[in-house]
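Remember, the numbering used here sits 7 above the position in the sequence shown when you count from 1. Just so it is clear, CB atoms sit at the ideal spot from N, CA and C, and this is done for glycine as well. To keep things clear, I will list the structure first and then write my remarks on it.
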Amino acid sequence: MYVGPRHGPPRPLSLSGVLRRSAPQVKACRCVRQPSWVYRGMEADRSAKAEALRALGIFQRATPDQLWRMLRPGDRHDRCTRDTLNALKETGMVRVEGRLKSGHQLWVLTEAGHREAKGLLPRSVRISALCKQKYDTRGRPIPGQGYDEHAAAVTLTAAVLTGAGFGTPLSWQTEIAHKLPYGYTQYADLTMRAPGAGVPAMLLEVDRVNEPVDEPVDKLRRYTDWFELLAPKADPNKEKAARGTAVHDFRLWSRIHSATGHEGYVPVAFVFTGKTAAQRESRMRCLERAGRRYFAGEPYPGRGEGITAVDYHQPVPVVVTELERITADPAGAAGKVWRRLGREERQTLAEALDNPDGDRLHAVRLKGARRRAEREAAEREARRPVCARCGAKFTDEHWEFLLGRGRSWGDRTDELCGPCRDEYFARLEAERVARREVEEAAVQEVAEVEVKKGRGLFGRRR
């Protein structure tokens, strides 16, 4: 209990004080060792309290139901979580800020709990702002007014994904800013880093279907703009010349987020909740139609050669689901409750983020196309004509000339290669020239004989 004004804040204790007051009170003496179950119970109690403080430090506010789904998904109910929160409340670490319409109490950290959670969280994890208790003029606490259904849906989304094995509470961060050069800052509802679950990085947006239809598309456009930003001191010319995964080495996002393990940028997940199932489905279809230019890949060259693979290095992988579907599925977020925009079937998150028709298929098809080209080349080589004189194979140019012209009937030169054909025609030309010279010599000789006859005895007398 605390000492102070009737309606004032409780006197804070450190986490060690929490454990001393909440641990089983067993008298110890120098000659008797404590049973092992006492130490195990104290360790489990300390761990449960530290987990609750860390979770509230990250998400600022949470209900026992949400903390149960996040921290103790194997329990049948949230009783242990409520007991942990009540134990922390007695020591001034947490307090009840209000009660939701669902009847769940909303718990937040006190100033002492906020300091304790900051010490428990790693430096790489940002702690949420402190929700200070406000009092009216009579000193009575005022219930918190800063929590809405959207914030509850965001925390529940993180809780069900963590309970399904996607990281731990430390894998999450809220309201991470993505600053754009035209003065706008896009805040992600959730940022998840769960490399152990096959998702090194993912941005999540929770949509309660109460905003204009264009809002999800605008968010996707702004994320695409941010992914395309160059890193400081990156060479724009080298970035333009890069191809495939190499292009991301010049982008800003690769300096902030871990490599995704797949082609493309960091995946973006839209979790829809609220309204009716038909309205949520209509919302997802609208996002798919209007945002196709941001998530659809480009076909690789060579489609006419049997290459049907798609280049996913530039698009943003987008998956969608419904919070109601996740909570109703027996496997939760680990089940087939996700749908990749551009596909029709529902898959697990790992399957939805995978690209079976991407680089792997491209490599297989390229290998197949290469083998097919080699086979066709071998078959063509086997059909290549051979010179009837020297036995050399026809060149491609000579062969294509004959195929285009067509073989002449009775033309023996079609059976000769280029050099032999040239030699054959050169010999024919030489023979023609020789015959002509012989003929001209014979004609000249006849002419000379005639001239000599005219110069005889009778010819001179005339």
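{"Asked": "Alpha helix (DSSP H) segment containing tryptophan 75, residue limits", "Found": "71 to 78"}
{"Asked": "Continuous alpha helix (DSSP H) assignments of at least 4 residues falling wholly in the stretch 310 to 352", "Found": "330 to 335"}
{"Asked": "Alpha-carbon to alpha-carbon, alanine 249 and leucine 74", "Found": "46 Å"}
{"Asked": "Cβ neighbour criterion (16 or more within 10 Å) applied to serine 178", "Found": "buried"}
{"Asked": "Nearest to valine 3 (by Cα), restricted to the options Ala340, Cys293 and Phe277", "Found": "A question about residue 3 goes unanswered here, because the residues of the chain that appear run from 8 up to 469."}
{"Asked": "Lysine 4 versus Asp256, Arg229, Lys460 and Phe234, residue with shortest Cα-Cα distance", "Found": "A question about residue 4 goes unanswered here, because the residues of the chain that appear run from 8 up to 469."}
{"Asked": "Straight-line gap, glycine 398 to arginine 377 (C-alpha atoms, nearest Å)", "Found": "30 Å"}
{"Asked": "Reference arginine 68, options Leu116, Asn93, Ile134 and Lys96, closest by Cα", "Found": "Leu116"}
{"Asked": "Sequence-distant residues of the same chain with beta carbon closer than 8 Å to aspartate 361, five excluded per side", "Found": "His269"}
{"Asked": "Sub-7 Å separation of leucine 348 and phenylalanine 302 beta-carbons", "Found": "yes"}
{"Asked": "Three or more C-beta pairs below 8 Å linking the stretch 423 to 430 and the stretch 394 to 410", "Found": "yes"}
{"Asked": "Close Cβ partners of glycine 339 (< 7 Å) along its chain, the five nearest in sequence each way excluded", "Found": "Val167, Gly170, Ala171 and Ile333"}
{"Asked": "With 16 other Cβ atoms within 10 Å as the buried cut-off, status of arginine 262", "Found": "exposed"}
{"Asked": "Short Cβ contact (7 Å threshold) for aspartate 232 with proline 223", "Found": "no"}
{"Asked": "DSSP three-state assignment for glutamate 430, whether helix, strand or coil", "Found": "helix"}
{"Asked": "Coarse secondary structure for proline 470, derived from DSSP in three states", "Found": "Past the edges of the chain, shown from 8 to 469, lies residue 470, and the structure says nothing about it."}
{"Asked": "Residue range of the beta strand (DSSP E) that includes leucine 210", "Found": "206 to 214"}
{"Asked": "Between the CA atoms of aspartate 72 and leucine 26 - distance to the nearest angstrom", "Found": "In this prediction, leucine 26 has a pLDDT of 44, which is less than 50 and means its spatial position is unreliable; nothing more can be read from the coordinates."}
{"Asked": "Other residues of its chain near proline 243: CB distance less than 7 Å, five sequence neighbours each side excluded", "Found": "Leu237"}
{"Asked": "Nearest candidate by alpha-carbon position, reference glycine 304, set Arg353, Gly271, Ala266 and Tyr230", "Found": "Gly271"}
{"Asked": "Glutamate 235 versus Leu92, Arg258 and Arg350, residue with shortest Cα-Cα distance", "Found": "Arg258"}
{"Asked": "With 16 other Cβ atoms within 10 Å as the buried cut-off, status of glutamate 446", "Found": "exposed"}
{"Asked": "Which residues DSSP lists as bridging lysine 141, in chain order", "Found": "Ile149"}
{"Asked": "Tryptophan 114 to arginine 130 span [Cα, whole Å]", "Found": "24 Å"}
{"Asked": "Rounded C-alpha distance that separates arginine 300 from aspartate 318", "Found": "13 Å"}
{"Asked": "N-terminal and C-terminal residue of the alpha helix (DSSP H) that alanine 357 is part of", "Found": "356 to 360"}
{"Asked": "Close-in-space but distant-in-sequence residues of the same chain around glutamate 329 (CB under 6 Å, 5 per side omitted)", "Found": "Phe279 and Arg287"}
{"Asked": "Which of helix, strand or coil DSSP assigns to phenylalanine 279", "Found": "strand"}
{"Asked": "Alanine 136 beta carbon less than 7 Å from that of leucine 60", "Found": "no"}
{"Asked": "Under the three-state DSSP convention, the category alanine 62 falls into", "Found": "helix"}
{"Asked": "Distance between leucine 63 and valine 101 (C-alpha atoms, nearest Å)", "Found": "9 Å"}
{"Asked": "Distance, arginine 367 Cα to glycine 417 Cα", "Found": "Here the model assigns glycine 417 a pLDDT of 49, short of 50, so the residue's position is not dependable, and the following value carries that caveat. Their backbone Cα atoms lie some 55 Å apart in a straight line."}
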